[in-house]
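Chains as they are written, first to last, in the UniProt record's numbering: chain H, 1 to 536; chain V, 1 to 315.
What follows is a single structure, written as structure tokens, with notes after it.
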Amino acid sequence: MIHAFKGRIRLLTTGVALAVMMAAAPQALAATPKDTLVLAWAIDDIITLDPGEAFEISAGEIMGNAYDNLVNLDINDTSKVTPGVAASWTVSDDALTYTFKIKPDLKFASGNPITAADVAYTFERAVKLDKSPAFILTQFGLTKDNVTEKAKATDDSTFVLTVDKAYAPSFVLNCLTANVASIVDKALLEEHVADGDFGNGWLKTNYAGSGPFKMMQWRANEILVLERNDNYYGEKAKVKRAIYRHMKESSGQRLALEAGDIDVARNLEPGDLDAIAKNKEIITDAAPKGTVYYFSLNQKNANLAKPEVREALKYLVDYDAIGATLIKGIGEIHQTFLPKGMLGSLDENPYRLDVAKAKELLAKAGLADGFDVTMDVRNTQPVTGIAESVQQTFAQAGVKLSIIPGDGKQTLTKYRARNHDIYIGQWGTDYWDPHSNADTFAANPNNADDAAAKPLSWRNAWDIPELTKETAAALLERDAAKRGAMYEDLQKKVLETGPFVIVFQQTEVAAVRAEVKGYKLGPSFDTNLLSPVSKE
Amino acid sequence: MSPNPTGAAQAQPRPYSREWLLSDRPVSRRQARLGRAYIVWRRFAENRLALVGLAIIILLLLVAAFADVLSPHDPVVGDLRNARLLPPGSEGYLLGTDDQGRDILSRLVYGSRLTLLVVVLVAIIAAPIGLIVGTVSGYIGGWADAVLMRITDIFLAFPKLVLALALVAALGPGIENAILAIAVTSWPPYARIARAETMTFRNSEFIAAVKLMGASPLRIILRHVMPLCVSSLIVRVTLDMAGIILTAAGLGFLGLGAQPPLPEWGAMIASGRRFILDQWWVAAMPGFAILVVSLGFNLLGDGLRDALDPKEAGQ
């Protein structure tokens, strides 16, 4: 009896001691070590860390820091690329053959040398694995059968890529900056092959790269640890370690940042951003990203198919007010389909709220009294807020908009089946090249209900044979400047006549403690680089 | 007997006076009925809290009726640019503004119409269904009773909100469907009550007497059973109204009730949730409105139960 009682007391005291220790733990974490950068970020979207498979935003950032490509995006001018593993490259006159010279004496983090054979293996692996991002490479005509011939190492330092059409070299090079083309360590992966999976099962949670950081550990929905790669050929990372802590809630990140438990908060919402703006110990950095938010008008709807109506509705959005309130800090008004910073991006926002003009256009279309129309809206911010604002401004010209809310799956399914009137949503670029967006906003090879390709213009039944041809031509234009001009022209045409009312481009915001120096968000999701970051 | 009490004997007190109403020898049906109503009212009025509840509901009715006059701004059109998330007491916006720059007071005032619409329609749909099912089941008995009560059991087996959610999800979101869903889920308790009441007097002598006179079951249920069930049903419905308001607000909160831009209180809370740390009033004001109105209906229902309770009424 007494023994049991004692046992219980002991249990109780141990419990209390544990509780005290746990309560004290956050304080112990406060003030992160000088050589370690701690970032709070919602990293629950990571499902794999294999560059041949990963196609998620958070994974993209990890790849960007831990792997190197043949060529990389120039973060100072994202319409260009800079050398990565490749020292130089030449394009044959017929634009079909790309020859890359690999920098000599490079090493993977594992210590294995980087040779052209590793590059060829990277291509073969990505194409043969055939995971979601593989299309970025297979669109050059690479298939499982021909990849070993078309992407080949001719000697230790020469890699030759043969494409099937005379694509614009800028297009091919831009695609090679994607994570799927990140160079992997052939020798290391071959140790971990199981059932001919090219080491995919192992690489999901491990690392075989050569970037400025090496990925040490990833525990899903908890933590991801990067460590400096001393074998990196370029400038070494300034901090020894970078730790991503999974934190989902904006308010939680704000509190941890204010307490100094973390150095960088990545998911702050506008309200919390406003609140920390007064804090001198915290600075914020923002960069536009490759996602545009838009609403689109289904051309199967007789009213929306009238060109005057399409134009009128573009005048019935209060862009300025939305930019100053609903998307403040998380986006900026942008009306063309290419995100700012991409080759050929047109930074023109000609439309503003003009009810009189819209009424005039509606009258011209024979709809002077307005009309009824529905909008499918996903139940998330900021789209619901924007939809409500648009509902009010539409009403000023007599257009009665009913909002049909739904979850992402419901609205998207309806949108993909072309059963909507108006759909509001976002589009993120698949890879950093204008073709990624042009191919969906300005090309519709077949407008039939059973078409094989279903780009956004198909989803809105916008039949555009001329623009489709122009988009295809832009893809084959070899002069980058001329190619940019072609995309500008495409954007102008879509802006004027298209069924897309593009409202804003997403901005990514990070709040950083003042002692962290050099933290800068990059133009794309995989260029939020950590190697220049240091701490005082 | 003349319906006009002035024609009655001189000994009668002045018509409509207190004595006339409380007279234990009413000379007309009308006098008897008014007298009974007066007694009920007196019993009701003794309960101060019930009067407060009544006052709240009357106020709600008035606000809903004169929403156009009372609200200083348009409830659906806001000033996004200049008047977003203003705190209560800002110039021209007594209760502040929401994230679309709309005046919260005006939205609450117009929202009272939606709340009343939901409550009244649900009561009109659900109470008669419950009454009919309950009285038929209780009076006829046998297999009809078994079938009807098992159906009632099935409905009662689901949590109310979950069943309403499922119905709205199937019918599509919207205030009409929300009303329908709430009505469909709230009749079973009424059926149970009506059945229990019916059972207590289905074998009583006055029913037997009517039966002997050749009245059909339909007539007996309609004219003799139902009126006796009504008072307890009224009490129950009034007490349920707070629950109906909360269910409607819950559906609105989940985005399945009234759709934007309708100023439904539950939906207003849902949209204010994002600002709860820094702009508390966006969610707090409609929450407060729901609280007050639910409380009003509860107090009124309590008072009515005390006043109408058959056990006490028989004294």
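Glycine included, C-beta positions come from ideal geometry on N, C-alpha and C.
In this text, all values refer to a predicted model and were calculated from it rather than measured experimentally.
Could one say the Cβ of R274(V) lies closer than 8 Å to chain H's Cβ atoms, at least one of them? yes
Excluding sequence positions up to five away, which residues of its chain have a Cβ less than 7 Å from the Cβ of Q259(V)? P173 and G174
Whose C-beta lies closer than 8 Å to the C-beta of L116(V) among residues of the same chain, with five residues either side of it excluded? L60, L61 and A64
Residues of chain H with a CB under 9 Å from the CB of residue 341(V): which are they? Limits of chain V in this structure are 1 at one end and 315 at the other, which puts residue 341(V) out of reach.
At a Cβ threshold of 8 Å, is R81(V) touching chain H? yes
Do you know offhand how far Y38(V)'s Cα is from I234(V)'s? 17 Å
Using beta-carbon positions only, say whether D197(H) and D118(H) come within less than 8 Å of one another. no
Could you give the DSSP three-state label for F159(H): helix, strand or coil? strand
Identify the contact partners of Q259(V) in chain H, using a Cβ-Cβ distance below 9 Å as the criterion. S402, I403, I404 and P405
Given a threshold of 16 other Cβ atoms within 10 Å of its Cβ, counted over all protein chains shown, does W265(V) qualify as buried or as exposed? buried
Using the beta-carbon count (16 or more within 10 Å), is A178(H) buried or exposed? buried
Reduced DSSP secondary structure (H/G/I, E/B, other) of P113(H): strand
Is the distance from the Cβ of V71(H) to the Cβ of G60(H) below 8 Å? no
Could you tell me the boundaries of the alpha helix (DSSP H) in which T411(H) lies? G408 to R416
Of the residues S17(V), I193(V) and G255(V), which one's Cα is nearest the Cα of A267(V)? G255(V)
State the start and end residues of the unbroken alpha helix (DSSP H) segment that holds G290(H). Not the alpha helix (DSSP H): G290(H) falls in the beta strand (DSSP E), residues I282 to L297.
Strictly by DSSP, which residues pair up with A358(H)? DSSP lists no partner for A358(H).
Buried/exposed call for Q315(V), threshold 16 Cβ in 10 Å: Since pLDDT at Q315(V) reaches only 40, below the 50 mark, its modelled position is unreliable, and the value read off the structure follows with that caveat. Answer is exposed; the Cβ neighbour count stays below 16.
Where L165(V) and A249(V) are concerned, what is the direct C-alpha to C-alpha distance, given to the nearest angstrom? 12 Å
Whole angstroms are fine: how far does the CA of N298(H) sit from the CA of D93(H)? 43 Å
For the 8 Å Cβ check, are there 3 or more pairs between the segment 323-334 of chain H and the segment 60-69 of chain H? no
Going by the CB atoms, is the gap between G111(V) and L300(V) shorter than 8 Å? no
Quick check: the segment 41-49 of chain H against the segment 201-209 of chain H, are there 3 or more CB pairs under 8 Å? yes
Excluding the 5 residues preceding and the 5 following P247(V) in the sequence, name in chain order all residues of the same chain whose CB lies nearer than 7 Å to its CB. Reading off the sequence shown, one finds Thr at residue 247(V), where the question assumed Pro. Counting only Cβ-Cβ distances below 7 Å, and skipping sequence neighbours, we find K160, L161, A164 and I182.
Work out the CA separation of M226(V) and residue 325(V) for me, nearest whole Å. Residue 325(V) lies beyond the stretch modelled for chain V, which goes from 1 to 315, so this question has no answer here.
A126(H) to I104(V) span [Cα, whole Å]: 56 Å
Under the three-state DSSP convention, the category A215(V) falls into: coil
M226(V) lies in the alpha helix (DSSP H); which residues open and close that run? M226 to F253
Enclosing alpha helix (DSSP H) for L313(H) [first to last residue]: P307 to K314
Identify whether K517(H) lies in helix, strand or coil by the three-state DSSP scheme. strand
Between N379(H) and chain V, is there a C-beta pair that is closer than 8 Å? yes
In this structure, how does DSSP classify Q505(H) when only helix, strand and coil are distinguished? strand
Just the chain H side, please: which residues come within less than 8 Å of G78(V) by C-beta, in chain order? Q392
Kindly indicate which residue of V292(H), P382(H), L475(H) and R254(H) has the alpha-carbon position closest to the one of T284(H). R254(H)
Near-chain V residues of the segment 359-373 of chain H (beta-carbon distance less than 9 Å), N- to C-terminal order: none
Contacts around P87(V), its chain only, beta-carbon distance under 7 Å, and the 5 residues preceding and following it disregarded: G96 and W281
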